[in-house]
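Contents: one structure, followed by commentary.
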Amino acid sequence: MTSLATLIYYPRSIGLLANGIFAGLGVTLNCVGVPAIMASRDPLPSFIKTYNNASKIAISSILVGTAANAVCYYSTKRTKYLFVAVLTFFSAPFTVFFIAPVNKELFALENWVKTMIVTRYQDF
């Protein structure tokens, strides 16, 4: 017979790791990525490259962290795991509703710039 602590050891550890990766990604982007992007001569391509790379890590860590903490809640019925699972999951809708519109504008601006460059070279 296994104890409850043994039963949730792996999901709890995975959830902690996933949330730590997500938090570390956020701190790294704010403290390292954004200042480097702002210091570049053309920040838009730098932002898009950084966003495309970081979004895969962020989405993965949100999904893994939510699932692992949900398993812990299901196994223990302790509300602290439910709160962590909900708060971890909440990062995804927050990004969709508040961050994605700004990112879409930046992506549209990048596409416009590329179109203008191609059009300008075709005129010659």
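Taking our numbering, I'd label the letters of the sequence shown as residues 20 to 143.
Ideal Cβ positions, reconstructed from N, Cα and C, are used throughout, including at glycine.
Only a predicted model underlies this, so the values are computations on that prediction, with no experimental measurement involved.
For residue 69, the uninterrupted alpha helix (DSSP H) segment begins and ends at 62–95. For residue 40, the uninterrupted alpha helix (DSSP H) run begins and ends at 28–47, by DSSP. In the structure shown, the three-state DSSP call for residue 59 is coil. In this structure residue 91 is buried. Its beta-carbon is surrounded by 16 or more other beta-carbon atoms within 10 angstroms. With fewer than 16 other Cβ atoms from the protein chains shown falling within 10 Å of its own Cβ, residue 109 counts as exposed.
Contact between residue 40 and residue 76 holds: their C-beta atoms lie close to 7 Å from each other, under 8 Å.
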